[in-house]
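Under this note's numbering, the first residue of the sequence shown is numbered 2, with each subsequent residue one higher.
Note that beta-carbon positions come from the ideal geometry of N, C-alpha and C, so glycine has one too.
On a predicted model such as this, the values are computed, not experimentally measured, just so you know.
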Amino acid sequence: MPPTAIKWLVSIVFGLLIGSASFGITNPLLLAVFGVYPSAGAGAEPLDSALLDRVAMASVVLYVLVAVVSAVALARIANLRRLFGWGCATLGVMLLLTAAIAMLQIDPAMHTGGGPGARDANTALFFTLLIFGLPYIGGGLVLTIGGAVLIRKNRDKSA
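Take a look at the structure:
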């Protein structure tokens, strides 16, 4: 394949990965905007299916929008190694933001109090964060640092 085709292929793959990682950021925000989150202390009520359909459609539109914008922005980079660097750095930041948004969604009031039940709940919370958060944080840091190294090592000599 010619270099332009390889550049577009790499940009599209990174765009799809970045769009899919951005879902973890945009979906909770859309749920809050559309008012799908129940209020604290309220009983469980069935959700409106039309509202959930609107949230799903808005999520898909945002996913496609982020994927296309990131793919086109990455395709404008001439150096393939810098393209890989920017793609990795952007994907790493998205993973780190996804982990941060997930941590903000945890209800800390559920894990307060004393007694053996509260200690068990706090231990379960710790291991849940460790099991699900560590891969996002570790992968995000590795991708962000690796991308920054690729960007710094492959600077244009004319600049």
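Next on the checklist: Does the structure place the stretch 83–91 close enough to the stretch 134–151 that three or more beta carbon pairs sit under 8 Å?
Outcome noted: yes
Item to check | Cβ separation of G134 and L75, assumed to be a contact under 8 Å, to the nearest whole Å | outcome: Not a contact, Cβ separation roughly 27 Å.
Checklist entry - So does the stretch 86–105 actually touch the stretch 31–39, counting three or more Cβ pairs closer than 8 Å? => result No contact exists between the stretch 86–105 and the stretch 31–39.
Item to check | N-terminal and C-terminal residue of the alpha helix (DSSP H) that D54 is part of | outcome: S50 to A76
Next on the checklist: Contact defined as beta carbons within less than 8 Å: I believe G20 pairs with A68. What is the distance between those atoms, to the nearest angstrom?
Outcome noted: 3 Å
Checklist entry - Should K154 go down as buried or exposed, given a rule of 16 or more other Cβ atoms within 10 Å for buried? => result exposed
Checklist entry - Should S71 be labelled buried (16 or more other beta-carbon atoms within 10 Å of its own) or exposed? => result buried
Item to check | Y137 to L97 span [Cα, whole Å] | outcome: 6 Å
Checklist entry - In whole angstroms, what is the alpha-carbon distance linking Y64 and T27? => result 8 Å
Checklist entry - Is the Cβ-Cβ distance between L52 and V73 less than 8 Å? => result Contact annotation: L52 and V73 have beta-carbon atoms that are not nearer than 8 Å.
Next on the checklist: Please state the DSSP three-state secondary structure of N28.
Outcome noted: helix
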